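To start, the structure itself, in structure tokens.
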Amino acid sequence: MTTTATLPADPPAIRGMIRSGSYDGVTAGLANGFVQANLAVLPRDLAFDFLLFCQRNPRPCPLLEVIDAGEVEPSFTAPGADIRTDVPSYRVYEHGELVAEIPSLEQIWRNDLVSFLMGCSFSFEAAMSDAGIPIRHQEAGSNVPMYITNIATQPAGVFSGPMVVSMRPVAQDKIVRAVQVTSRFPDTHGAPVHIGDPGAIGIRNLEAPEFGDAVEIRAGEVPVFWACGVTPQAVALNCKPPLMITHSPGKMFITDRRDAEYAVI
2 MTTTATLPAD PPAIRGMIRS GSYDGVTAGL ANGFVQANLA VLPRDLAFDF LLFCQRNPRP
62 CPLLEVIDAG EVEPSFTAPG ADIRTDVPSY RVYEHGELVA EIPSLEQIWR NDLVSFLMGC
122 SFSFEAAMSD AGIPIRHQEA GSNVPMYITN IATQPAGVFS GPMVVSMRPV AQDKIVRAVQ
182 VTSRFPDTHG APVHIGDPGA IGIRNLEAPE FGDAVEIRAG EVPVFWACGV TPQAVALNCK
242 PPLMITHSPG KMFITDRRDA EYAVI
């Protein structure tokens with residue numbers, strides 16, 4: 002299987018490899034400088050409620066693009082791409098149950114499906130690295146750890162549920178810098194929502210994330226938590242819509258838009 006080290010840096014080329022099945026791994030560290038996106042796909046009759054949910058919860062669900070019902074091209078963020086094939090892996094939820102994890106949506110696509118692309122924290126990791134803040138899951142070649150919290154989202158229509166957060170260990174003397182760097186990217190989750198004690202946001206065990214892989218927290222480091230675009234999957238488990246399709250955690254849609262376009266100076 003192709004590794005991240007052998008992948009090209011050009012987003013269309015990476016998407017082409019994903020579409021062909023040559024790469025199906027996590028996308029952290031790929032196409033540095035380009036925005037990655039979370040995906041949620043819903044039937045048209047639920048789309049307005051979900052749009053409202055995103056507007057009320059911009060930290061975990063910062064909207065980048067909404068693709069019209071039945072359309073498959075994200076013409077604003079990645080012209081020429083196909084939302085059905087260009088994500089390494091998809092999850093299919095029916096009535097709150099995860100029923101499938103598949104490499105393509107072509108066989109189940111419907112003309113009433115509306116696709117939502119939301120900013121991803123992988124997009125600010127290059128800026129963190131540039132600021133001298135190591136990214137532990139990239140160093141380990143693993144997926145970022147993600148946890149379901151006790152932080153409630155703002156309900157909208159049929160949608161409600163807990164916020165999911167991603168966690169990165171940060172040295173104590175670099176925490177202020179991490180906040181400064183990531184706060185410049187509000188469209189890809191922005192500044193942390195919590196720093197320190199995981200129990201304060203309902204996380205019982207950092208070694209048992211609900212999504213992704215646990216990472217080592219070394220002496221002198223503090224767990225830092227950012228809102229996460231996997232939140233819609235926790236919402237699906239909570240609200241049980243008839244159908245919701247998402248990306249598999251850590252396996253994002255890579256856009257052609259540059260991180261700098263979304264940075265606040």
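When the count follows this note's numbering, it moves up by one through the sequence shown with no breaks and lands on 266 for the last residue.
Every residue gets a Cβ at the ideal spot worked out from N, C-alpha and C, and that includes glycine.
In this text, all values refer to a predicted model and were calculated from it rather than measured experimentally.
By the neighbour-count criterion, in which 16 or more other beta carbons inside 10 Å mark a residue as buried, R57 falls on the exposed side. Annotation: I176 is outside any beta strand (DSSP E); the continuous alpha helix (DSSP H) that includes it extends over 176-184. Under the criterion of beta carbons closer than 8 Å, A132 and R178 qualify as touching, at roughly 5 Å. C-alpha of I134 to C-alpha of T28: approximately 19 Å in a straight line. Judged by pairs of C-beta atoms under 8 Å, the segment 74-84 touches the segment 255-266, as three or more such pairs exist. Nearest neighbour of A128 by Cα position, chosen from A41, H195, G191, turns out to be G191. One alpha carbon belongs to R111, the other to A48, and they sit about 14 Å apart.
By the neighbour-count definition (other C-beta atoms within 10 Å, threshold 16), E126 is a buried residue. Residue nearest to P13 within the set A235, E74, P210 is E74 (criterion: CA-CA distance). In the DSSP annotation of this structure, the continuous segment of the alpha helix (DSSP H) that includes Q139 starts and ends at 137-141. The Cβ-Cβ distance between G251 and V145 falls below 8 Å. Counting along the chain, the unbroken alpha helix (DSSP H) around I19 starts and ends at 12-21.
For E222, the three-state secondary structure derived from DSSP is strand. The Cβ atoms of A228 and V166 sit closer than 8 Å to each other.
Under the three-state reduction of DSSP output, S124 falls in the helix class. Around the beta carbon of L99, a 10 Å sphere encloses fewer than 16 other beta carbons of the protein chains shown; the residue is thus reported as exposed. Per the C-alpha coordinates, the member of G200, A101, S184 positioned closest to I149 is G200. Of the residues A264, T247, E262, V265, the one whose Cα lies closest to the Cα of V93 is T247. In the structure shown, the three-state DSSP call for R57 is helix.
For P233, the three-state secondary structure derived from DSSP is helix. Annotation for F77: E66 place their beta carbon closer than 6 Å to its own, counting only its chain and skipping 5 residues before and after. For T247, DSSP records a beta bridge to A41, R92.
Rounded to the nearest whole angstrom, the CA to CA distance from D198 to P224 is 8 Å. When the alpha-carbon of C121 is set against those of P242, M168, G230, the nearest one is in G230.
When DSSP reads this structure, H195 sits in a beta bridge with F226.
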